[in-house]
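S.K.:
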Amino acid sequence: MSMSDGRGFNRRALLRGFAGVSLAATLPGALAACGGSGAGPLAQSAAPSVEPKRGGRMRAAFIGGSNETANILKATNTPIDYVRTRVVYDVLCDIDAEGKPTLVLAEEIAPNADGSQWTIRLREGITFHDGRTMTSEDVLHTLRTYVEQKSNTAPLLMDIDLANAKRQDDRTLVLPMLRPHGFLDLALTQGVFVFSKDTTDFDKAIGSGPFTVDRLEPGKGGLLKRNPNYWRPEGGPYLDELELLSIADPEARLNALKAGQLDYAASIPLTSARVERDNADVKLFVPPKWEWANFGASMKRTKEPFTDPRITQALKYAVDRKKMVDNVTLGFGELGNDLFGKHLPYYAEDLPQREYDPERAKKLLKDAGMSDLKLKIRTSDYEYGLTEGAVAFAEHAKAAGITIELDKVPAADFLADYKVFIGAQFQSANRKPRPLPLDVLFFYGSDALLPFTGLAGEKVDQLAASVRTAVTEEQRRTSMGDLQELLSEEGGDLVWARAPICSAGTPKVNGVKSLGYPGFPSFRDAFLA
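If you count by the numbering used here, then the sequence shown holds residues -2 to 526, one letter each, in order.
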């Protein structure tokens, strides 16, 4: 597999972006505060109604890493970079609490009848931090720069014919497509931040967001200050200052919070959430269910023995999902059904829940001539649930006559080699959610950006193409339903459970929202009560 393709993007860069956006063990949610009763799962609950209060400094800690950067084109490198970027800059549209696109800088993002052209119209009166009014020229410059610089998000824009894109007026941009595209609005929610055409240094790109950078030290953190001239009339920013700190260890983040050194600690382990649920000095945050992580494994359909769909079916019946929820997610999660996007628009709710059935798994293996199946699963402690799930799966599969050996690699090596990670025959997975049409773009068909299961072929390609070109809601529902039915039967994704990744704050923290990213909350409307 080539590290780049004819469209000119680097797949290793895409994987880095994917790792930041989709694999980092970070804070979830369109966040709702959650109190605990000491028994049962951590249920999402509505945040109490608190009148926003202006002023103060909020201190928040996130995962960083050696590849932290101020460069806006690499904002998906680490969680702390993304958190900072999303409040220093704005996007054309975001994702709301129901998983649907919601307009931000744009007042309209719409396709023509067949998706061969899209029109973006900006809101009136948007200003950059330097006081200049944003125009469609800035948006076009931004899109072209992301592609020309081969940024992490460039593959999401690959279907736009940017060479022939035109400014209709100062607020309107017309984008012809290289091929019909049905969900450019969703693609633009995935970290495409707009910056000024006057930007010459991508480490200091000129943004329009609710905060400005006062100081920044990659690897340590930074201090952001309220933008007093923020263009948006409603909501925040309410904080005078937002201090972001880079702390890699989740227990260290939680301990700093409890010691009064932080107001907010991203991504605490489920074990810690269970311990702290009755602590009145710690407010736990749990995301809505559509933003929960998908725990499971990937089976490479292009590699033996998974080229036979009976083998992948057998593995799906060989896992006890209830035990995965009870033991691996500590009872906090819910059953998985081998598909991504549960609780999101277009998810196939009508497909029956797959049950633990080792006898059926045995028969499928016998019919495939593989009764004595032996496998090795690649796993790691990179995130909670990868190794824990693999260990449990190996135990469950014994009842079906399947022997699974663990190939446990160091956390630092799990994502290090692109070819190994993408090409693994059988591997633990912990995928974070995104809008379902984007999952098709990333994972399935001959044009897939990250073909973890390698599922392609004429039937898959036709179904993936129908999703790509679906413009109306009815077309999207039909095309997504048809593809998910095929994935359920023949796909290489095994999703045995879904579970939240919790965060914590002091009781004073309010208004933190993820706007559709499990790992990257927005502090635009945050305040200290």
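Beta carbons: idealized from backbone N, C-alpha and C, even for Gly.
Here the structure is a predicted model, which means the values were calculated and not measured.
#1: Helix, strand or coil for Gly206, going by three-state DSSP, please let me know.
#2: CA-CA distance, Tyr344 and Phe329?
#3: Can you look up Pro355 in the DSSP assignment and give me helix, strand or coil?
#4: Phe59: which of Ala67, Glu240, Val189 and Ile77 sits nearest, CA to CA?
#5: What did DSSP end up calling Gly451 once you bin it into helix, strand or coil?
#6: Starting from the N-terminal side, write out each stretch of the alpha helix (DSSP H) that is 4 residues or longer and does not extend beyond the region 417 to 463.
#7: Three Cβ pairs or more, each shorter than 8 Å: is that satisfied between the region 257 to 274 and the region 66 to 73?
#8: Applying the 10 Å Cβ sphere with the 16-neighbour rule, what's the burial state of Leu20?
#9: Please check the pair Asp87 and Gly219, which I expect to be a contact at CB under 8 Å, by giving their CB distance rounded to whole angstroms.
#10: Which partner residues does Ile265 have in the DSSP bridge list?
#11: Secondary structure at Ser511, three-state DSSP: helix, strand or coil?
#12: So the alpha helix (DSSP H) Leu254 belongs to, where does it begin and stop?
#13: Can you find the residues in the same chain that come closer than 6 Å, C-beta to C-beta, to Tyr314, ignoring five residues on each side of it along the sequence?
#14: Might you give, ordered along the chain, the residues of its own chain that have their beta carbon closer than 7 Å to the beta carbon of Gln310, omitting 5 neighbours on each side?
#15: Using the rule of at least 16 other Cβ atoms within 10 Å of the residue's Cβ for burial, across every protein chain shown, is Ala262 buried or exposed?
#16: Indicate whether Gly112 and Met174 have their beta-carbon atoms separated by less than 8 Å.
#17: Looking at the unbroken beta strand (DSSP E) that takes in Ser544, where does it start and where does it end?
#18: Looking only at its chain, what residues have a beta carbon closer than 8 Å to the beta carbon of Val85, apart from the 5 residues adjacent to it on each side?
#19: My understanding is that Phe190 touches Ala72, with C-beta atoms under 8 Å, so please give their C-beta distance in whole angstroms.
#20: If you reduce the DSSP assignment to three classes, tell me which class Ile60 lands in.
#21: Quick one: what's Ser485 bridged to in DSSP?
#22: Apart from the five residues on each side of it in sequence, which residues of its chain come closer than 6 Å, Cβ to Cβ, to Leu185?
#23: At 4 residues or longer, and completely inside the region 311 to 376: list those alpha helix (DSSP H) runs for me, N to C.
#24: Are the region 374 to 384 and the region 463 to 470 in contact at 8 Å, needing three or more beta carbon pairs?
#25: If you follow the alpha helix (DSSP H) that Ile77 is part of, which residue opens it and which one closes it?
M.R.: Reading off the structure:
#1: Residue 206 sits at position 209 when you count from the first residue of the sequence shown. The answer is coil: DSSP assigns Gly206 none of H, G, I, E or B.
#2: Indexing the sequence shown from 1 puts residue 344 at position 347. Indexing the sequence shown from 1 puts residue 329 at position 332. One C-alpha to the other measures close to 22 Å.
#3: Indexing the sequence shown from 1 puts residue 355 at position 358. Helix, per DSSP.
#4: On the sequence shown, position 62 is the one that residue 59 refers to. Selected option, being the one with the closest Cα: Ile77.
#5: To locate residue 451, count along the sequence shown from 1; it is residue 454. Coil.
#6: 433 to 440
#7: no
#8: By 1-based counting over the sequence shown, the position of residue 20 is 23. Note that Leu20 scores a pLDDT of 38, beneath 50, so its modelled location is shaky and nothing firm can be said.
#9: To locate residue 87, count along the sequence shown from 1; it is residue 90. To locate residue 219, count along the sequence shown from 1; it is residue 222. Actually they do not touch by this definition, with Cβ atoms about 18 Å apart.
#10: Residue mapping note: residue 265 aligns to position 268 of the sequence shown, counting from 1. DSSP lists Cys499 as partners of Ile265.
#11: Taking the sequence shown and counting its residues from 1, the one referred to as residue 511 is at position 514. Looking at Ser511 - three-state DSSP - the assignment turns out to be coil, as it is neither helix nor strand.
#12: In the sequence shown, counting from the first residue as 1, residue 254 sits at position 257. Here the alpha helix (DSSP H) through Leu254 covers Pro247 to Lys255.
#13: Start at 1 with the first residue of the sequence shown, and residue 314 comes out as number 317. Closer than 6 Å at Cβ, skipping near neighbours: Asp354, Arg357 and Ala358.
#14: Taking the sequence shown and counting its residues from 1, the one referred to as residue 310 is at position 313. Excluding positions up to five away in sequence, the list reads Leu361.
#15: In the sequence shown, residue 262 corresponds to position 265, counting from 1. Buried, since its Cβ has 16 or more Cβ neighbours within 10 Å.
#16: Residue numbering aside, residue 112 sits at position 115 when the sequence shown is read from its first letter. Residue numbering aside, residue 174 sits at position 177 when the sequence shown is read from its first letter. Taking 8 Å as the Cβ cut-off, Gly112 and Met174 qualify as a contacting pair.
#17: Outside the shown range of the chain (-2 to 526) lies residue 544, about which nothing can therefore be said.
#18: Walking along the sequence shown from the start, residue 85 turns up at place 88. Correct list, in chain order: Gly204, Gly206, Phe208, Thr209, Val210 and Leu221.
#19: The count along the sequence shown starts at 1 and reaches residue 190 at position 193. The count along the sequence shown starts at 1 and reaches residue 72 at position 75. Indeed they touch by this definition, with Cβ atoms about 7 Å apart.
#20: Your numbering for residue 60 matches position 63 in the sequence shown. Residue state, collapsed to three classes: coil.
#21: On the sequence shown, position 488 is the one that residue 485 refers to. DSSP, once it has assigned bridges, lists no residue as partnering Ser485.
#22: As a first step, residue 185 must be located in the sequence shown, where it is residue number 188. Only Leu89 and Cys90 meet the Cβ criterion.
#23: 355 to 364
#24: no
#25: Numbered from its first residue, the sequence shown carries residue 77 at position 80. Pro76 to Val85 is the extent of the alpha helix (DSSP H) around Ile77.
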